[in-house]
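Chemist: Sequential numbering from 1 applies to the sequence shown in full-length UniProt numbering.
We put the CB at the ideal spot given by N, CA and C, even for glycine.
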Amino acid sequence: MSPARRWPLHPQPGPLESLSSWLRRLARLYDLPAKDLLTHNLGLVDLQVPELLDGCPPEAMLAAIAERTGVDLARLRMMTLAGWSPWLFDPPSPNQDREVFDNYVRDNSVLFPPRAAPSYQLNRGRPWDGPWICGPGLRRACPLCAADADRGTGLLWQLPLMVGRFRRS
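1. Give me the Cα-Cα distance between A63 and S20, rounded to the nearest whole angstrom.
2. Any C-beta of chain D sitting closer than 9 angstroms to the C-beta of T69?
3. Would the segment 69 to 77 count as touching the segment 44 to 51 if we require 3 or more Cβ pairs under 8 angstroms?
4. Helix, strand or coil for G83 per DSSP?
5. Buried or exposed: D36, going by 16 or more other Cβ atoms within 10 Å of its Cβ?
6. Between T153, P11, R68, which lies nearest to N41 when the distance is taken from Cα to Cα?
7. Which one of S18, H10, L44 has the shortest CA to CA distance from Y30?
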């Protein structure tokens, strides 16, 4: 079996660019959706592409992307939220989902008085990621930056910590 070959086109990720943004830019060069680029071109059997690529993608997927693009594996990890753990945040363990949700939404809410928020059942088929992660398909970005298809979106833009951009370049 021959070793995996580098993809002919593989622009470098931008500073603090998110993995999903960079993969969308990369896939656009091949006129493919990012999911097709990942499922058909990495040589991984039974790869399940996560809905939230910026969360905690499979290590085998990151290693294959590093091999195809020449981007260092450590840099790819830092393009995901998991790469910033424990520095930025730690995801709740599955057995703490309910407690963390109640604590954040009901006890420490700035929108409701304590315990006034309605109860919410966490039965969406996946663990609660916390309030800091957008759902799949939702992206936060400056409208001017988002209008430029060649510009990537920053990983930290995906978090509600960043609501605007103070400098245009």
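Modeler: Working from what's here:
1. If I take the Cα positions, the gap works out to 15 angstroms.
2. The chain inventory of the structure shown lacks chain D, comprising one protein chain alone.
3. Contact check between the segment 69 to 77 and the segment 44 to 51: fewer than three CB pairs, one atom from each, fall below 8 angstroms, which does not count as touching.
4. It is helical.
5. Result: exposed.
6. Selected option, being the one with the closest Cα: R68.
7. Considering only alpha carbons, the answer is H10.
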